[in-house]
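Protein chains in written order, with my numbering: chain A, 1 to 259; chain B, 260 to 518.
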């Protein structure tokens, strides 16, 4: 298997190191990851400035390519310029912190995998549910297992799997569940402070307001110690509202304006 | 009507100026927009550094608040810290360049409106289909018309309208269509160059590969001179694949590993 690995925590993060080590058991691994941490960058791509690609070494050995851009930039660069043939799969992670519910929207980890899906390549985003995670080995094994699973099945073109692994000892994991994106959102605010010159500045702070109780949602599943696996795509159309809005007859607005 | 306006082209762009001028005809307008251009930033939010808010003047008059962050930051800051009461509606634009098909994923204009939808506030993202647009007056009128339309109807909580207006004379506009997100994608590549010191750098370049022919899609509609109105949301779950994957029985993977 020909595997491209990226992340949003940066090429020097322990999560990507553990992931690469485990994935080498099942294939050829190419690493293209951000030079610096890129958390919460969403699906940003760099167009206004050019990108640089740096050969990055770890423990004296070549580890992969660092790009001074976003996670989506890395995947695009990896597939378009660095790899000789497109990868069979792209895996992004292992992220420090969960990417469930509303966090999927903000996540750089997910956007790297989504960029692959946009390029018609199957992909997985994988996150550990703690920001203080230190042991990425079990999550790496989950990524490997799901990469093999996808290789044997037909994941539709344009779909990626967003995977969250509870940051608990392996023997306490309850199982794996197929889930959908939860509805939990941030209850956030800006903390106002003054700099040494008396000027205001604002830090974003807040807590996730958990509203998901159905085990079919990613956020509820991880709270009950399950690994969540959510298929996501990049068609943002709200089809329910689309159908409902047919009754609005918005076409009339333009005709009304003309008369 | 109490209206919050933002954009991704920056507070000094002509598109936001035209939008604000027209929206003042129907309500109180508060402007909170990025200090600098933020195109293609996706749904980035700023967490690693604090934000500053600057009172911005135009033609010697107070115009609005500039934030040294992303479009989503601006909307969050506007609602949480600047406005005394939450707005009735948030309008983001008018963007220079279309936000149809795959561009919705990358768009800062759309992410500003989506941040409002996440905060349960109805919103509209509005874009003109040319990067060289100079006359924003008709698009501003469309934004006003749709803001009034939403006020009289029930747009579901969590849904926003993504609107694209062809950049042609008003009398050539064919009408308004309810649309869904198209499937056109970028056929892009990195152009490799050398800096004055002989080092490589890479610029992203490419063309939109148009595959949308059904008039029900945003990209096809604008090509035929229609204004497209697409309801979008922030639930990225691919429900079709979710149902299909029930047959994969992924729960077995964990049990298999245990035995």
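Don't be surprised by glycine CBs; every beta carbon is placed ideally from N, CA and C.
Contacting residues, own chain, Cβ-Cβ under 6 Å from residue i (five flanking each side not counted)
{"i": "residue 496 of chain B", "result": "none"}
{"i": "residue 375 of chain B", "result": "334, 349 and 382"}
{"i": "residue 8 of chain A", "result": "38, 39, 71, 108 and 109"}
{"i": "residue 54 of chain A", "result": "66"}
{"i": "residue 507 of chain B", "result": "none"}
{"i": "residue 97 of chain A", "result": "131"}
Neighbourhood of residue i by C-beta distance below 8 Å, restricted to the same chain and skipping five residues each side
{"i": "residue 143 of chain A", "result": "19, 22, 23, 91, 93, 94, 124, 126 and 163"}
{"i": "residue 452 of chain B", "result": "459, 460, 461 and 462"}
{"i": "residue 195 of chain A", "result": "201"}
Whole-Å CB distance - residue i paired with residue j, under 8 Å assumed
{"i": "residue 294 of chain B", "j": "residue 325 of chain B", "result": "4 Å"}
{"i": "residue 177 of chain A", "j": "residue 510 of chain B", "result": "7 Å"}
{"i": "residue 342 of chain B", "j": "residue 405 of chain B", "result": "So it is not a contact: roughly 21 Å between Cβ atoms."}
{"i": "residue 438 of chain B", "j": "residue 476 of chain B", "result": "6 Å"}
{"i": "residue 361 of chain B", "j": "residue 487 of chain B", "result": "Incorrect: roughly 14 Å between the Cβ atoms, too far for contact."}
Member of the options whose CA lies at the smallest distance from the CA of residue i
{"i": "residue 292 of chain B", "options": "B:274, B:308, B:284 and B:307", "result": "B:274"}
{"i": "residue 239 of chain A", "options": "B:490, B:501 and B:504", "result": "B:490"}
{"i": "residue 88 of chain A", "options": "A:53, A:216, A:121 and A:245", "result": "A:121"}
{"i": "residue 203 of chain A", "options": "B:327, B:475 and B:306", "result": "B:306"}
{"i": "residue 81 of chain A", "options": "A:100, A:51 and A:138", "result": "A:51"}
{"i": "residue 290 of chain B", "options": "B:337, B:318 and B:304", "result": "B:337"}
{"i": "residue 174 of chain A", "options": "A:111, A:221 and A:6", "result": "A:221"}
{"i": "residue 169 of chain A", "options": "A:134, A:182, A:157 and A:158", "result": "A:134"}
{"i": "residue 370 of chain B", "options": "B:303, B:424, B:443 and B:378", "result": "B:303"}
{"i": "residue 390 of chain B", "options": "B:272, B:507, B:260 and B:514", "result": "B:272"}
{"i": "residue 358 of chain B", "options": "B:327, B:288, B:317 and B:441", "result": "B:441"}
{"i": "residue 25 of chain A", "options": "A:184, A:42 and A:148", "result": "A:148"}
{"i": "residue 320 of chain B", "options": "B:276, B:514 and B:473", "result": "B:276"}
{"i": "residue 41 of chain A", "options": "B:355, B:507, B:345 and B:364", "result": "B:364"}
{"i": "residue 1 of chain A", "options": "A:85, A:249, A:245 and A:243", "result": "A:85"}
{"i": "residue 253 of chain A", "options": "B:318, B:400 and B:317", "result": "B:400"}
Sequence-distant residues of the same chain with beta carbon closer than 7 Å to residue i, five excluded per side
{"i": "residue 315 of chain B", "result": "270, 322, 323, 324 and 325"}
{"i": "residue 234 of chain A", "result": "114, 117, 118 and 158"}
{"i": "residue 484 of chain B", "result": "425, 427, 431, 432 and 433"}
{"i": "residue 139 of chain A", "result": "94, 126, 128 and 165"}
{"i": "residue 213 of chain A", "result": "220"}
{"i": "residue 327 of chain B", "result": "294, 310 and 311"}
{"i": "residue 27 of chain A", "result": "1, 2 and 3"}
{"i": "residue 215 of chain A", "result": "177, 221 and 224"}
{"i": "residue 29 of chain A", "result": "3, 5, 20 and 23"}
{"i": "residue 211 of chain A", "result": "183 and 184"}
{"i": "residue 59 of chain A", "result": "none"}
{"i": "residue 502 of chain B", "result": "none"}
Any non-hydrogen atom of the ligand ADP closer than 7 Å to residue i Cβ
{"i": "residue 241 of chain A", "result": "What this structure holds is no ligand at all, so the ligand ADP is not there to describe."}
Query - Interface residues of the region 115-144 of chain A facing chain B [CB-CB below 7 Å] - result: 118
Query raised in the report: Closer than 8 Å, Cβ to any Cβ of chain B: which residues of the region 221-239 of chain A, in chain order?
Result: 227, 229, 230, 231, 232, 233, 234, 235, 236, 237, 238 and 239
Query raised in the report: Are there three or more Cβ pairs, one per stretch, closer than 8 Å when the region 171-189 of chain A is compared with the region 205-212 of chain A?
Result: yes
Report task. With 8 Å as the C-beta to C-beta threshold (strictly closer), list the residues of the region 44-57 of chain A near chain B in chain order. Result -> 44, 45, 46, 47, 48, 50, 51, 52 and 53
Query raised in the report: Between the region 147-154 of chain A and the region 192-199 of chain A, do three or more beta carbon pairs fall short of 8 Å?
Result: no
Query - the region 415-427 of chain B: positions lying closer than 7 Å to chain A by Cβ - result: Flagged, chain order: 415 and 418.
Requested in this report: Give the residues from the region 499-513 of chain B that approach chain A closer than 8 Å (Cβ to any Cβ), ordered along the chain.
Outcome: With the criterion set as a beta carbon lying under 8 Å from some beta carbon of chain A, the members of the region 499-513 of chain B are 499, 500, 501, 503, 504, 505, 507, 509, 510, 512 and 513, in sequence order.
Query raised in the report: Going along the region 338-357 of chain B in order, which residues come within less than 7 Å of chain A, judged by CB to CB distance?
Result: 339 and 340
Report task. Report the residues of the region 173-184 of chain A with a CB closer than 9 Å to any CB of chain B, ordered along the chain. Result -> 173, 174, 175, 176, 177, 178, 179, 180, 181 and 183
Query raised in the report: Along the region 195-217 of chain A, what residues have a CB closer than 8 Å to any CB found in chain B?
Result: Listed by position, the residues of the region 195-217 of chain A near chain B (Cβ gap below 8 Å) are 199, 200, 201, 202, 203 and 204.
Query raised in the report: Between the region 1-27 of chain A and chain B, which residues of the former have CB atoms less than 8 Å from a CB of the latter, in chain order?
Result: The residues in question: there are none.
Requested in this report: Mind checking the region 289-301 of chain B against chain A and listing, in chain order, the residues whose C-beta falls within less than 8 Å of any C-beta there?
Outcome: 296, 298, 299, 300 and 301
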